[in-house]
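Chemist: Shown below is the structure under consideration.
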Amino acid sequence: MRFIVLGDMHYNVPTGPGLKTSRDIFFGGLFEQIAARTPDLVFAIGDTTDTGIIAELNSQTALAQRFGINLVRLMGNHDSDTLEKSEIAPFFLGDHQPVNEDAVYACFDSDATRFIMLDTTRSRSPDNWSGVVPDSELAWLADRIEEYNRTTSLRHLVVMGHHPLTNTTDRSDIEWLNIDNSEEVRAIFNKLTRTPGLYINGHNHTNSLAGPDAYGWHYAQMGAPLACRSYGMFDIDENGIRFETVDIDLGDPEFNKAYVTTRISMGDVFNYYPFEVMYGGSNDHRMEIPASKPVS
Numbered sequence: 000m001r002f003i004v005l006g007d008m009h010y011n012v013p014t015g016p017g018l019k020t021s022r023d024i025f026f027g028g029l030f031e032q033i034a035a036r037t038p039d040l041v042f043a044i045g046d047t048t049d050t051g052i053i054a055e056l057n058s059q060t061a062l063a064q065r066f067g068i069n070l071v072r073l074m075g076n077h078d079s080d081t082l083e084k085s086e087i088a089p090f091f092l093g094d095h096q097p098v099n100e101d102a103v104y105a106c107f108d109s110d111a112t113r114f115i116m117l118d119t120t121r122s123r124s125p126d127n128w129s130g131v132v133p134d135s136e137l138a139w140l141a142d143r144i145e146e147y148n149r150t151t152s153l154r155h156l157v158v159m160g161h162h163p164l165t166n167t168t169d170r171s172d173i174e175w176l177n178i179d180n181s182e183e184v185r186a187i188f189n190k191l192t193r194t195p196g197l198y199i200n201g202h203n204h205t206n207s208l209a210g211p212d213a214y215g216w217h218y219a220q221m222g223a224p225l226a227c228r229s230y231g232m233f234d235i236d237e238n239g240i241r242f243e244t245v246d247i248d249l250g251d252p253e254f255n256k257a258y259v260t261t262r263i264s265m266g267d268v269f270n271y272y273p274f275e276v277m278y279g280g281s282n283d284h285r286m287e288i289p290a291s292k293p294v295s
């Protein structure tokens with residue numbers, strides 16, 4: 000199985016001259032390059048849009064589907080800024096139903112892999128972009144991990160959420176750049192007996208890998224495509240999970256111009272730090288995680 004994870008795209012509805020054309024050329028080209036990798040699943044790890052309005056979601060959906068991609072979106076803080084989660088929930092989690100309409104999280108199994116998609120966002124809180132996982136979601140997460148522990152047919156556990164846990168990946172030690180109640184989430188993660196586990200996040204816009212920690216968890220932070228010029232690709236077989244950063248091919252002059260125009264139009268969000276800082280170091284682009292041991 001192959002799945003691809005896109006970091007924060009901040010797909011918007013621009014109003015300046017030529018910006019919509021540049022946006023469509025860049026993101027269309029990105030989706031075309033991803034489709035050429037023949038992934039089984041394509042996840043967007045949150046902040047898929049810039050403000051979470053229906054126009055952004057509809058436009059992005061149509062553009063991705065033009066290249067045969069059905070995005071499996073997770074909720075990010077920008078996605079939940081404007082509308083109630085129940086209003087935009089149909090655009091998220093792919094074909095998987097959320098546990099309830101106000102908390103957009105779900106779980107599904109594919110082959111020997113369990114995917115858990117968390118909702119780490121607040122609702123309509125543009126002035127606080129930190130993450131939080133409520134008690135009800137924590138209890139649900141614990142149940143899903145306990146199920147994994149005792150299910151012989153499952154060999155890989157992949158948990159995804161927009162925000163990182165504190166003190167894992169790059170910048171996750173900074174206020175508002177992590178899950179506020181990370182220690183409560185970590186306590187649930189530590190219930191995993193059939194290690195290892197993999198947690199994938201976005202939010203901080205940089206490529207970063209960490210782990211394994213003392214409890215067997217690995218952490219993969221997906222950089223924003225407009226900041227890092229890349230996305231994440233994961234291949235799973237009976238031996239484990241192999242991750243690599245895939246660089247976006249900007250060789251075509253028109254595509255490169257559209258990329259630069261789109262990035263600059265977003266202001267400081269993708270222009271504050273240089274590319275070299277956002278892209279990550281030599282240890283942030285490849286990872287191998289063994290399969291879990293069978294149930295004894």
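Under numbering that gives the first Met the number 0, the first residue of the sequence shown is numbered 0, with each subsequent residue one higher.
Built from N, CA and C at the ideal position, the CB exists for glycine as well.
1) With DSSP as the reference, please indicate the residues paired to residue 217 in a beta bridge.
2) For residue 36, I'd like the list of residues in its chain whose CB is within less than 8 Å of its CB, leaving aside the five on either flank, ordered along the chain.
3) Can you tell me where the beta strand (DSSP E) with residue 276 in it begins and where it stops?
4) Just the Cα atoms here: how many angstroms apart are residue 375 and residue 9?
5) Rounded to a whole number of angstroms, what is the C-alpha to C-alpha distance between residue 182 and residue 123?
6) Label residue 64 either buried or exposed according to how many other C-beta atoms from any shown protein chain fall within 10 Å of its C-beta, with 16 as the threshold for buried.
7) For a minimum of 4 consecutive residues, which ranges assigned as the alpha helix (DSSP H) are wholly contained in the segment 150 to 211?
8) Where does the unbroken beta strand (DSSP E) through residue 229 begin, and where does it stop?
9) Kindly give me the distance between the Cβ atoms of residue 200 and residue 129, rounded to whole angstroms, as I take these residues to be in contact under 8 Å.
10) Spell out the partners DSSP gives residue 129 in its beta bridges.
11) Rank 229, 237, 186 by C-alpha distance to the C-alpha of residue 213 and give the top, closest one.
12) Under the assumption that residue 286 contacts residue 217 (Cβ atoms under 8 Å), give the Cβ distance between them as a whole number of angstroms.
13) From the DSSP output, read off the bridge partner residues of residue 271.
14) Specify the secondary structure class of residue 312 as computed by DSSP and reduced to three states.
15) Do residue 279 and residue 165 come within 8 Å of each other at the CB atom, strictly closer than that value?
16) My guess is that residue 72 and residue 92 are in contact by the Cβ rule of under 8 Å, so how many angstroms apart are they, rounded?
17) Do the CB positions of residue 156 and residue 111 come within less than 8 Å of each other?
18) Which one of 174, 70, 33, 195 has the shortest CA to CA distance from residue 126?
19) Just the C-alpha distance for residue 291 and residue 139, rounded to the nearest angstrom, thanks.
20) When the Cα atoms are used, what is the spatial distance from residue 381 to residue 69?
21) Does the Cβ-Cβ distance between residue 158 and residue 208 come in under 8 Å?
22) Looking at the unbroken alpha helix (DSSP H) that takes in residue 87, where does it start and where does it end?
23) Check the C-beta distance from residue 222 over to residue 195 and give it rounded, since I have them as a contact under 8 Å.
Modeler: Walking through what the data contain:
1) Locating residue 217 in the sequence shown gives position 218, counting from the first residue. According to DSSP, residue 217 bridges with 197.
2) Within the sequence shown, the letter at position 37 stands for residue 36. Same-chain partners within the cutoff: 1, 3, 232, 245.
3) Locating residue 276 in the sequence shown gives position 277, counting from the first residue. Not the beta strand (DSSP E): residue 276 falls in the alpha helix (DSSP H), residues 274 to 278.
4) No answer is possible for residue 375: the residues shown for the chain start at 0 and end at 295.
5) The residue labelled residue 182 in the question sits at position 183 within the sequence shown. The residue labelled residue 123 in the question sits at position 124 within the sequence shown. Straight-line Cα distance between these residues: approximately 24 Å.
6) Looking up residue 64 in the sequence shown gives position 65. Residue environment analysis places residue 64 among the exposed positions, since fewer than 16 neighbouring C-beta atoms fall within 10 angstroms of its C-beta.
7) Fully enclosed alpha helix (DSSP H) runs of 4 or longer: 181 to 188.
8) As a working mapping, residue 229 is identified with position 230 in the sequence shown. Note, residue 229: beta strand (DSSP E), 229 to 236.
9) In the sequence shown, the residue the question calls residue 200 occupies position 201. In the sequence shown, the residue the question calls residue 129 occupies position 130. Residue 200 to residue 129, Cβ: 13 Å. No contact.
10) Position 130 of the sequence shown, counted from the first residue, corresponds to residue 129. DSSP, once it has assigned bridges, lists no residue as partnering residue 129.
11) The count along the sequence shown starts at 1 and reaches residue 213 at position 214. Each of 229, 237, 186 was checked against the Cα of residue 213, and the nearest Cα belongs to 186.
12) On the sequence shown, position 287 is the one that residue 286 refers to. On the sequence shown, position 218 is the one that residue 217 refers to. The Cβ separation is near 6 Å, so the contact holds.
13) Counted from its first residue, the sequence shown places residue 271 at position 272. Answer by DSSP bridge pairing: none, since residue 271 is not bridged.
14) Outside the shown range of the chain (0 to 295) lies residue 312, about which nothing can therefore be said.
15) As a first step, residue 165 is located in the sequence shown; it is residue number 166 there, counting from the start. As a first step, residue 279 is located in the sequence shown; it is residue number 280 there, counting from the start. Contact check for residue 165 against residue 279 fails: the beta carbons are separated by 8 Å or more.
16) The count along the sequence shown starts at 1 and reaches residue 72 at position 73. The count along the sequence shown starts at 1 and reaches residue 92 at position 93. Rounded to the nearest angstrom, the Cβ distance from residue 72 to residue 92 is 7 Å, consistent with a contact under 8 Å.
17) Translated into the one-based positions of the sequence shown, residue 156 becomes position 157. Translated into the one-based positions of the sequence shown, residue 111 becomes position 112. No, the pair does not count as a contact, with Cβ atoms beyond the cut-off.
18) The residue given as residue 126 occupies position 127 in the sequence shown. Considering only alpha carbons, the answer is 174.
19) The residue labelled residue 291 in the question sits at position 292 within the sequence shown. The residue labelled residue 139 in the question sits at position 140 within the sequence shown. Straight through space, the alpha carbons of residue 139 and residue 291 are spaced by roughly 21 Å.
20) Past the boundaries of the shown model lies residue 381; the chain is included only from 0 to 295, so the question cannot be answered.
21) Mapped onto the sequence shown, residue 158 falls at position 159. Mapped onto the sequence shown, residue 208 falls at position 209. No; because the gap between Cβ atoms is not below 8 Å, this pair is not in contact.
22) Here residue 87 refers to the residue found at position 88 of the sequence shown. DSSP places residue 87 in the uninterrupted alpha helix (DSSP H) bounded by 84 to 87.
23) The residue you call residue 222 lines up with position 223 of the sequence shown. The residue you call residue 195 lines up with position 196 of the sequence shown. Between residue 195 and residue 222 the Cβ distance is about 22 Å, and since that is not below 8 Å, they are no contact.
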